[in-house]
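Structure first, commentary second.
Next comes the structure, spelled out in structure tokens:
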């Protein structure tokens, strides 16, 4: 009743409030760190409660300010949104803890913590909103925060990466905004549920496909899908590692989430042109990403290209458009957030010890830091899809769905890309961890002042999580399945938001 | 720099500054049902302080403010976010406006509510962010 709707707003309010508080305490490093840890932990706990609530009671809706849908702005949480918010919580907590050890005084002074909280608020807002224009606004909040985080420190390479990042993202925002404008002209509403209902009754098929294609392009850019993914490998290796890991875990996933949402609730795209196009996009994203990674010899650049190729698997789940495929895609997103953040954080530790990200300058980490090497193996094998880690089940689900849909060449591509991923991971393993380091002419950037232990702890935590997600496959799959069923049955979503228009008021009456 | 100051600007500036600030408060308070509100009022107030910066110098403007613009930013954002929360205790969804009617000695029948808190928060955020930018640009120039 009353408290469930509060639960829905808190994942946005808490980061906003923590961000505001750390702005108040901008003079005090210590206070900002405490707020960072407490705020993100609270976010994780509450998002866990949100998942539990949705699991028990189905879709939760809150009418902001008591204005009823479709006129007011609603927050809606189905299983997909709730689990994405939960994964954001995990990513937030690991980043906040890792930042304790890794973010320098100078970066903290430039506002690392307020920006981090703002980014989290934007990400959660995008997951939870039930309104198209509001989604755009949250994307912008996220973009503003991420732009500032990207150039934090103001190094030359960062500026170069940031220009590409901002330019392409602004283009995509412009396309998104035009698509929203056209959609409003077409239907007279921007509420997602209302849109889903009205689009179904429209006759103007040509116009609908135009708008759908615009959304595909706009969110495709934000998700770093083929062909407009260049901004990602150009920029993700430039900021601090804690920032890279946060970006790698969350930003592109919001684009993928938006694709999942728009192409199920608003434009159910079974047997449309957009679907057949997305199949191609998914395959090409996988292939180009992994080939790009094969050509790279810098730790974080390899990982960045792999983000792109992994996005392909998630899109493959959406493109196949069966309950199993979508559940697989959702599970894949969750798996990827954990494994990819873990790998980025490990690259940061290697940099701390060895002072470089270049594969040929590195070496001998296995001999000196065996635990770190073990953690890398776990995360890397998970990414490549070896059992019993989470990546295996993620790929298994998506590929199994491909087999059931008789999409043979897509299955073949996914398998081949899996092998190529393994190749890349083995390349990093051999160069960074296994081979003897040549005469060391580079020094670690500075004598580090403690904090290494807490960085280790977060990396170990993520590695254990990816093992646990593999072992606890069954319950996680049930959650993903529930999310997929809700997505493929938009009538339920529409009814939850619009059906009983008195819902918000009734909830209010009995707190 | 000071010797370049126009006497006219300086004299009118001291008259305009309080007027502009009062005007910004007026805009802030009439905002909810009529044109106005925290954003535009904040811009007017920030413009007034910028005017002060034109005819004095940075140190004087900082003294005038008493408070660092960045603090204003933080407090404003906190206030605006918190203004959504009372609704929860009344059993309404987030950000539902809560109004209290009271009779004040001079103003008579007055409605005070959470939207006003939100507007004040926005006001502080706008003043804080504009001045933080302007002051740091001015400092970079010196």
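Residue numbers (our numbering), protein chains in the order written: chain S, 1 to 511; chain Y, 1001 to 1142. A virtual CB, placed ideally from N, CA and C, is assigned to each residue, including glycine. In this text the structure is predicted, and so the values were computed from the model without any measurement.
Chain S contact residues for residue i, given Cβ-Cβ distances below 8 Å
i               : result
residue 1084(Y) : 9, 13
Per-residue contacts from residue i into chain Y (C-beta, under 7 Å)
i             : result
residue 28(S) : What residue 28(S) touches in chain Y: nothing, since even the nearest Cβ is about 12 Å away.
residue 20(S) : 1074, 1077, 1078, 1081
residue 24(S) : 1071, 1074, 1075, 1078
Where residue i falls, given that 16 or more other Cβ within 10 Å makes a residue buried
i               : result
residue 471(S)  : exposed
residue 1022(Y) : exposed
residue 1133(Y) : exposed
residue 7(S)    : buried
residue 406(S)  : exposed
residue 425(S)  : buried
residue 555(S)  : Chain S is shown from 1 up to 511; residue 555(S) falls before or after that span and cannot be answered.
residue 14(S)   : buried
residue 408(S)  : exposed
residue 32(S)   : buried
residue 113(S)  : buried
residue 239(S)  : buried
residue 276(S)  : exposed
residue 201(S)  : exposed
residue 131(S)  : buried
residue 119(S)  : buried
residue 387(S)  : exposed
residue 360(S)  : exposed
residue 206(S)  : exposed
Partners in chain Y for residue i, counting only beta-carbon separations shorter than 8 Å
i             : result
residue 16(S) : 1077, 1081
Collapsed DSSP secondary structure at residue i in the structure displayed
i               : result
residue 489(S)  : coil
residue 131(S)  : strand
residue 67(S)   : coil
residue 60(S)   : strand
residue 516(S)  : As shown, chain S starts at 1 and ends at 511. That puts residue 516(S) outside it, with no answer to give.
residue 189(S)  : coil
residue 1008(Y) : helix
residue 1110(Y) : strand
residue 238(S)  : coil
residue 1103(Y) : strand
residue 1152(Y) : For residue 1152(Y) there is no data in the structure shown, the boundaries of chain Y being 1001 and 1142.
residue 120(S)  : helix
residue 74(S)   : strand
residue 431(S)  : helix
residue 298(S)  : strand
residue 358(S)  : strand
residue 368(S)  : helix
residue 228(S)  : coil
residue 405(S)  : coil
residue 457(S)  : helix
residue 1098(Y) : coil
residue 55(S)   : helix
residue 511(S)  : With a pLDDT of 34 at residue 511(S), under the threshold of 50, the predicted position of this residue should be treated as unreliable, and no value is reported.
Neighbouring residues, chain S, relative to residue i (Cβ below 9 Å)
i               : result
residue 1057(Y) : Result: empty, since nearest Cβ-Cβ is about 24 Å, beyond 9 Å.
Residue i Cβ short of 7 Å to the ligand SAM heavy atom set
i              : result
residue 427(S) : For the structure depicted, the ligand SAM is absent and the ligand set is empty, with no information on it obtainable.
Residues of the stretch 1068-1081 of chain Y in Cβ contact with chain S at a cutoff of 9 Å, in chain order, please.
So the list reads 1068, 1070, 1071, 1073, 1074, 1075, 1076, 1077, 1078, 1079, 1080, 1081, given in the order they occur along the chain.
So if I threshold CB-CB distances at 8 Å, which residues from the stretch 1104-1121 of chain Y count as touching chain S?
Hits within the stretch: zero.
Mind listing which residues of the stretch 46-77 of chain S have their C-beta closer than 7 Å to chain Y's C-betas, in chain order?
Cβ contacts with chain Y come from 62, 63, 64, 65, 66.
Give a yes or no on contact between the stretch 323-332 of chain S and the stretch 292-300 of chain S, applying the rule of three or more CB pairs nearer than 8 Å.
No, the stretch 323-332 of chain S is not in contact with the stretch 292-300 of chain S.
Pull out every residue of the stretch 270-300 of chain S whose Cβ sits closer than 9 Å to any Cβ of chain Y, in chain order.
If the cut-off is 9 Å between Cβ atoms, the stretch 270-300 of chain S has nothing near chain Y.
Quick test of the definition: if touching needs 3 or more C-beta pairs under 8 Å, does the stretch 136-156 of chain S touch the stretch 35-54 of chain S?
No, the stretch 136-156 of chain S is not in contact with the stretch 35-54 of chain S.
Decide if the stretch 56-75 of chain S is in contact with the stretch 21-39 of chain S; the criterion is three or more beta carbon pairs, one per stretch, under 8 Å apart.
With the rule of 3 Cβ pairs closer than 8 Å, the stretch 56-75 of chain S does not count as touching the stretch 21-39 of chain S.
Between the stretch 232-252 of chain S and the stretch 185-205 of chain S, can you find at least three pairs of beta-carbon atoms closer than 8 Å?
No, the stretch 185-205 of chain S is not in contact with the stretch 232-252 of chain S.
Answer yes if the stretch 328-348 of chain S comes into contact with the stretch 372-386 of chain S, meaning at least three C-beta pairs across the two stretches below 8 Å, and no otherwise.
Segment contact: the stretch 372-386 of chain S against the stretch 328-348 of chain S, three or more CB-CB distances shorter than 8 Å; contact assigned.
Is the stretch 159-179 of chain S in contact with the stretch 103-119 of chain S, if contact means three or more CB pairs nearer than 8 Å?
Contact between the stretch 159-179 of chain S and the stretch 103-119 of chain S is absent: fewer than three C-beta pairs spanning the two stretches fall below 8 Å.
I'd like to know if the stretch 1095-1110 of chain Y and the stretch 25-40 of chain S are in contact, where contact means that at least 3 CB-CB pairs between them fall below 8 Å.
In this structure the stretch 1095-1110 of chain Y does not lie against the stretch 25-40 of chain S, because fewer than three pairs of beta carbons, one per stretch, are closer than 8 Å.
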